[in-house]
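Have a look at the structure below, then the notes.
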Amino acid sequence: MPELPEVETVRRGLQEFIVGREIKAVEHDTPKSFPNADADVQRFLIGSKVKQVRRRAKVLLIDLSSEYTLVIHLKMTGQMVFRSSAAVFGAGHPNDSLVGELPDKTTRVTFTFTDGSRLFFNDQRKFGWVKLMPIIEVPNIDFMKKVGPEPLEADFTDRQFTERFHRRSKTSIKAALLDQTVVAGVGNIYADESLWGAKIHPKRLVASITEREFKALYKELRDVMNLAIEKGGSTDRNYVNAEGKKGSYIDFARVFRREGQPCPRCGTTIVKMRAAGRGTHICPKCQVIQ
DNA sequence: CACTTGACCTGTCCGC
DNA sequence: TGCGGACAGGTCAAGT
Numbered sequence: 010m011p012e013l014p015e016v017e018t019v020r021r022g023l024q025e026f027i028v029g030r031e032i033k034a035v036e037h038d039t040p041k042s043f044p045n046a047d048a049d050v051q052r053f054l055i056g057s058k059v060k061q062v063r064r065r066a067k068v069l070l071i072d073l074s075s076e077y078t079l080v081i082h083l084k085m086t087g088q089m090v091f092r093s094s095a096a097v098f099g100a101g102h103p104n105d106s107l108v109g110e111l112p113d114k115t116t117r118v119t120f121t122f123t124d125g126s127r128l129f130f131n132d133q134r135k136f137g138w139v140k141l142m143p144i145i146e147v148p149n150i151d152f153m154k155k156v157g158p159e160p161l162e163a164d165f166t167d168r169q170f171t172e173r174f175h176r177r178s179k180t181s182i183k184a185a186l187l188d189q190t191v192v193a194g195v196g197n198i199y200a201d202e203s204l205w206g207a208k209i210h211p212k213r214l215v216a217s218i219t220e221r222e223f224k225a226l227y228k229e230l231r232d233v234m235n236l237a238i239e240k241g242g243s244t245d246r247n248y249v250n251a252e253g254k255k256g257s258y259i260d261f262a263r264v265f266r267r268e269g270q271p272c273p274r275c276g277t278t279i280v281k282m283r284a285a286g287r288g289t290h291i292c293p294k295c296q297v298i299q
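Under this note's numbering, think of the first position of the first sequence as 10, with each following residue one higher.
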């Protein structure tokens, strides 16, 4: 579930909490979660400091002073949670925190810093991973070579957005939106939300989408993702930020997970269907197949 | 080649 | 209450 806004929220938290800290130790429970953990860990991870935390699409990049990078994908249930040595978790609003004392049974990788603070990679379903590689190798990863442009970049225009879809003209607009090679960072939540905003049925073929509709979709996607970042992302089930706290965008969602409720625009009951192999939420009156 | 489907996992929820 | 099966959805490999 972590999509661009969720990963960006985690990035901002990590940038605040871990930059400058020196890694003292690392533990992992399964090779699947940290596939090449043994090879270069002693030389390029232990003893190095965190320089900066970047994001590309849904991928987190923790750059180290060793000129190596921790490349992290949260997939569906991954979490990156920082705890200082004297962590007080669950503080504030009673529902803020989804995770309690760490490590817990979902903890796959634990990074310990020299000051005693720790960074936990938790992942219930084990789809996510952490990899260590030289910074200069990151752009050579297949995914990085294929992934589309960042939709929230200031210089990303509606014209470029529309152009990107030409490569997938024969598929549905929802499948194309979810295709990371078209535009980076869109997942199920923001695909549904932006399609509702632009009044486009998810099963419409890309070739049938008009220029005007693409412009509307471009605006809706950017608006909804920016709002989601402002709200700290969407916590549907597992997602938490770098403090272990939930995001609140789901409270502002118009159709996602709102089947049976009235469309905020026209009052028609929102329906859940299947499109592009995913659970898909639409207003059957606002979003029609012509 | 373009596109769709299934696999990867675990926890939750629903119906019997 | 227990239990099987469907479902959750990001990405890649395999299939059409």
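Glycine is no exception: its CB is placed at the ideal position from the N, C-alpha and C atoms.
Taking 8 Å as the cut-off, the beta carbon of Tyr248 is found closer than this to the beta carbon of Met10.
Three or more Cβ pairs closer than 8 Å define a contact, and the segment 70 to 78 falls short of that threshold against the segment 153 to 173. Assignment of alpha helix (DSSP H) within the segment 81 to 161, counting only whole runs of 4 or more residues, yields 151 to 155 in chain order. In the DSSP assignment, Val59 falls outside any alpha helix (DSSP H) and lies within the beta strand (DSSP E) extending over 59 to 65.
Measuring C-alpha to C-alpha distances from Ile55 to each of Lys33, Gln88, Arg168 identifies Lys33 as the nearest.
Within the segment 179 to 259, the complete alpha helix (DSSP H) segments at least 4 residues long are 182 to 187, 197 to 206, 220 to 239, listed from N- to C-terminus. In terms of Cβ geometry, Phe43 and Val118 form a close pair [threshold 8 Å]. Cβ neighbours of Val68 within its own chain (closer than 6 Å, five residues either side excluded): His82. With a 10 Å radius around the Cβ and a threshold of 16 neighbouring Cβ atoms, Val192 comes out buried. Note: His175 is not bridge-paired with any residue in the DSSP secondary-structure output. Just so you know, the alpha carbons of Thr180 and Cys275 end up roughly 28 Å apart.
With contacts defined as CB atoms closer than 8 Å, Asp245 and Arg266 qualify as a contacting pair. Collapsing the DSSP output to three states places Arg168 in a helix.
Per DSSP, the continuous beta strand (DSSP E) segment holding Glu36 begins and ends at 32 to 37. Secondary structure at Val68: strand, using DSSP grouped into helix, strand and coil. In the three-state reduction of the DSSP assignment, Val297 falls in the coil class.
Asp260 is not a Cβ neighbour of Leu141, given a cutoff of 8 Å. The beta carbon of Asp124 is closer than 7 Å to those of Arg30, Ser94 in its chain, skipping five residues each way along the sequence. In the three-state DSSP reduction, Ala48 falls in the helix class (H, G or I). Here Pro14 is buried, its C-beta having at least 16 other C-beta atoms within 10 Å. When DSSP states are grouped into helix, strand and coil, Pro14 belongs to the helix group. For Ser57, the closest of Phe120, Phe174, Gln24 by C-alpha to C-alpha distance is Phe120.
DSSP, reduced to helix, strand and coil, places Val28 outside both helices and strands of the structure shown, so it counts as coil.
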